[in-house]
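All the letters of the sequence shown, read from the start, carry residue numbers 126 to 1000 under our numbering.
Yeah, the Cβ is synthetic: ideal placement off N, Cα and C, and Gly gets one too.
Following: one structure in structure tokens, then a few remarks.
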Amino acid sequence: MSSQAITRQAITRQASTMQAATTRVTTTRPIAPEPELLRLLDELSAEEKVSLVVGASMWATTAVPRLGLEPVVMSDGPVGVRGPGGGTSAMFPAPSALAATWDLDLARRSGALFAAEAKRHGVDVVLAPQVNLQRTPVGGRHFECYSEDPHLTAEIAVALVGAAQELGVGMCVKHYVANDSETERTRYLARLDERTLREAYLAPFERLVRDVGPWSVMGAYNGADTGGVSARLLEHRPLVVDLLKEEWGYDGLFVSDWVATQSVAPAVRGGLDLQMPGPDGAWGDGLLDAVRSGEVAESELDDKVLRLLRLAHRTGRLTLPDDGAGDRTGAAAAGVHAAIHLAAATTGEPPAEQLLRELAARSVVVLKDDAGLVPFGHDPARPLRVALLGPAAVEPFFQGGGSSFVHPDRLTYPAEELRAALPQGSEVTLLAGARALHNPPELDVDRCTDPATGEPGLHVELLAADGGTLEEYTAHEWTGWLHDVRPDADAVRLRARVRLDEAGEHELGVGTVGVHSVQVDGARVAEGDTRVDEGIVLSSGHNHPIAELVTASGTAVLDATLQVVHAVGYGHFVRAALVHRLPGPSVADELARAVTAAAAADVAVVIVGTTAEVESEGYDRPDLDLPGNQNELVRRVVAANPRTVVIVNAGAPVLLPWLSDVPTVLWGWLPGQEAGTALADVLTGVTEPSGRLPWTLPARFEDVPVPHARPVDGVVDYVEGTDIGYRAWERRLAATVDGGADAPAPAAPFGHGLGWTTWDYEDAVLARGEAHDSPATLTVYVTVRNTGRRAGREVVQVYIEAPDGGPSRPVRWLGGFAVADVPAMGSATVRVPVPARALQVWDPQTKDWVTPPGVYRLRTGRSVADLRLTNELTT
């Protein structure tokens, strides 16, 4: 909307009559005929009720065919819909990249794509999004979360969940609640006061429940100690029953995280509705007996079964008489597909590849561009010599590790896409120049011969507990895992004669978990005697070291005996990462070649970042360092060529000790399948990199407010209170202003991002909504001017500062934001809604939200550290 369309006077005149809308999405709760569901409930036996609140398998609930109830199918996850049947999927950028766009329209379109992907894979409920806050940058699943700020997290999540559920696919919001560490994540207790819990960590969940009604919520592994009650989340009645279900009016299904259920009666009364997976586990093994013995009353299951029936009806897995006749599953799927195609036809929704390409490019954050190198300012007809360097340039880190992992429909690579996008005759020299991975790459099974049969492949022998052979065969392929192992097998022995044709030293080994013994040419190179169970799937234990051996060329016999892991809920499997690094240039030689290529190029592009060894579910990071010798690569390249662009391929913060020395630095996230196409679009000027940081980038590890989340005596203590993320940095800065010691400054503040143009903030008008508005809002109308020569996108951010006195509050916090697309040298007035809740605090005494009186300052700008305009509000 242009500044001519809305004048300052018009805003003032209309303030009393305009509906002060928020980013609220129309509720997505299909109305189930409750009397019909209650009638079905009455027809169920106690045995059937028990079966319905326990998963039938890894991903599905139990069917009751005589009632027309089919299984509800669930699937991970936050970066794509994997589907229970495997195959490939659309691979989204990491959730933190979506939040970096600050674009609710992109979030809604992403939600629609999640729905389309779910129906494509036969999935009814997607286990996403993760709305836990990024309390510490070392958190292993940091990349799966949206932001360190609860309001930004809530806004993105509401848009995404609302869009997906409008198209008939349920979303399972996770992990409820205070699930912010991977260290001892199945055991630790999160200790936090009521205000911190309500104002920060519960805030995204509350917004979702009240605004879009997620069809399911996942309970976390950890426990919580708050409000005088300490219990595991799945047994925490005050948080689940009293707050989530009764106070907020949540009518969806409360699902356990996988294998998180540790009790029968306590979890029943704590509010858990569905144990996943099944059919074994605590409830699968003990709930029916508890009902028969009277320890658990059958009536205690009724609300849980009703919620399951409600979910089944919403997803089309339960058709009631009033729903009409016909094939339930086919009609439901066809209806959703029709809705998706209709949306595409009427809104111009692009195919998945185009949307993911746009999302990945828009999420890129320009940390700095002192030399104006982005986009490449070259003559379109003149060829360009580009040195594309770095481990992530050769093999990008597309997605983080863990349960969100998907096999992508396709992968695009920077070198290929950049060559295609540059003028004809351009040269792109691709070199790694550094090493980021500690572990060697996968072993090529084509090099292997079964030493027992002489066939190509591996000799696989399943062993009983007494060492006897149960079965044996030759495997011609190897994925790193042996799934669906027979339950009576205790170990698997793998043997292979590995061909080492290349002269020089080779690294060969096996990475595994549990009891193991690894030999190469008869010499034992690794062993372990710790037997593991399903806990290894959920903890840091699966970040296993690789057993390595350096050997001469020729052949080597690899012989490994490995434990079969019998994991409740996860079946029977063996982990065996067979690895092999070929002889090649030394680290010094690789670096020297990269520097030579950089010196000869018109522009050097260095892509550095984290790896799957660093960012993954199951373990936290020990530090924020870039792995390997990537920092040295950057320093050497920029010294050789001052026209250097560095792109950081990481989901969570890493330290950039060379930041002040490099003219142009972009944050590229974990970009998903369109890594190459999106990067080419950014560098060649097709799409503006308009991202803004959804978290704070530290300059030094010792300055991080919460440097770890390791439990102490089993407790993670949230001592910082509501000063999460940038709020803690702002607290330190305020202390400096007030005469304290110098406060450390981050490398880049929350909300920072330059894009490819410049902006002036001309005016901000504050309008108050009417008393009858629900929910009551404030609105800040902000006029911005694009002072550059290119059309651009600005993210207008409004921060709130509390009155003096009153309860302790953060120094400032995000109250609202909006995106504006403005032509070169043009202006626009954008509307930034600020919900009334943004001014409120939780009062533990009255158990209610209150607005402390006084003069609030609403400060508008480009980031939390770049505030241009101020409005005052007296309450």
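Query                                                                                                                                                   : Result
Using 10 angstroms around the beta-carbon of ASP495, count the other beta-carbons present and answer buried if the total reaches 16, otherwise exposed. : exposed
List the whole-angstrom C-beta distance separating ASN774 from VAL712, where the pair is believed to meet the contact cut-off of C-beta under 8 Å.      : Going by Cβ atoms, the distance from ASN774 to VAL712 rounds to 20 Å, so no, they are not a contact pair.
Look at the Cβ atom of LEU619, then the Cβ atom of ALA681, and state whether they are nearer than 8 Å.                                                  : no
Closest by CA to GLY348, which one among GLU309, VAL334, ARG910?                                                                                        : GLU309
Please check the pair ALA171 and GLU423, which I expect to be a contact at CB under 8 Å, by giving their CB distance rounded to whole angstroms.        : 5 Å
Can you tell me which residues form a DSSP beta bridge with ILE732?                                                                                     : ILE772
Apart from the five residues on each side of it in sequence, which residues of its chain come closer than 8 Å, Cβ to Cβ, to ASN754?                     : ALA559, ARG560, VAL712, LEU716
Check for me: the alpha helix (DSSP H) holding TRP408 runs from which residue to which?                                                                 : 406-418
Going by other Cβ atoms of all chains shown within 10 Å of its Cβ, with 16 needed for buried, is GLN1003 buried or exposed?                             : Residue 1003 lies beyond the stretch modelled for the chain, which goes from 126 to 1000, so this question has no answer here.
With three or more C-beta pairs closer than 8 Å as the rule, is the stretch 185-197 touching the stretch 507-519?                                       : no
Tell me whether LYS972 is buried or exposed, calling it buried when 16 or more other Cβ atoms sit within 10 Å of its Cβ.                                : exposed
Do you know offhand how far LYS433's Cα is from ALA540's?                                                                                               : Correcting the residue type first, residue 433 is Leu in the shown sequence and not Lys. The straight-line gap from Cα to Cα measures roughly 49 Å.
Report the residue from TRP603, GLY679, THR599 whose alpha carbon sits nearest the alpha carbon of GLU630.                                              : GLY679
Going by DSSP in three states, ASP534 sits in which element: helix, strand or coil?                                                                     : coil
Could you please give me the residues that DSSP links to ALA648 through a beta bridge?                                                                  : VAL645
Can you check whether the CB of ASP274 is closer than 8 Å to the CB of VAL944?                                                                          : no
To the nearest angstrom, report how far apart LEU194 and LEU413 are at their CA atoms.                                                                  : 21 Å
What does the alpha-carbon distance come out to for the pair ALA463 and GLY441?                                                                         : For ALA463, the predicted model reports a pLDDT of 48, less than 50, meaning its position is unreliable; a value from the coordinates is still stated below. Cα to Cα, ALA463 sits roughly 15 Å from GLY441.
If we count Cβ pairs, one from each stretch, closer than 8 Å, do we get three or more for the stretch 529-540 versus the stretch 580-595?               : no
Assign MET950 to one of two classes, buried (16 or more other C-beta atoms within 10 Å of its C-beta) or exposed (fewer than that).                     : exposed
If we count Cβ pairs, one from each stretch, closer than 8 Å, do we get three or more for the stretch 847-860 versus the stretch 261-278?               : yes
Pull up the distance between the alpha-carbon of ARG915 and that of ASP888, whole angstroms please.                                                     : 22 Å
Does ALA896 come out as helix, strand or coil in the three-state DSSP assignment?                                                                       : Because ALA896 sits at a pLDDT of 48, beneath the cut-off of 50, its placement in the model cannot be relied upon, and the point is left open.
Would you mind working out which of SER642, HIS361, ALA824, ALA557 sits nearest PRO710, comparing C-alpha positions?                                    : ALA557
Quick test of your reading: GLN798 and MET401, contact by CB under 8 Å. State the CB separation rounded to the nearest angstrom.                        : The pair is not a contact, with the Cβ atoms about 28 Å apart (cut-off 8 Å).
Apart from the five residues just before and just after LYS299, which ones in its own chain have a Cβ nearer than 8 Å to its Cβ?                        : LEU252, ALA253, PRO254, GLN255, VAL256, ASN257, VAL342, MET343, ALA345, ASP382
Whole angstroms is fine: what's the gap from GLN290's alpha carbon to ALA240's?                                                                         : 8 Å
Identify the residues that DSSP records as bridge partners of PRO254: which are they?                                                                   : According to DSSP, PRO254 bridges with nothing at all.
Given this structure, state the Cα-to-Cα distance separating THR321 from VAL430, to the nearest angstrom.                                               : 33 Å
If you measure between the beta carbons of TRP792 and LEU492, is that distance less than 8 Å?                                                           : yes
Under a Cβ-count criterion, where at least 16 other Cβ atoms within 10 Å of its own Cβ denotes burial, should GLU596 be classed as buried or exposed?   : exposed
When you compare the CB positions of TRP967 and GLU425, do they come within less than 8 Å of one another, or not?                                       : no
CA-CA distance, PRO158 and LEU780?                                                                                                                      : 55 Å
How would you write the range of the beta strand (DSSP E) that LEU433 sits in, first residue to last?                                                   : Segment 427-439 is the alpha helix (DSSP H) holding LEU433; no beta strand (DSSP E) there.
Is the beta carbon of CYS573 sitting closer than 8 Å to the one on ARG649?                                                                              : no
Answer yes or no: do ALA724 and LEU543 have a C-beta to C-beta separation smaller than 8 Å?                                                             : no
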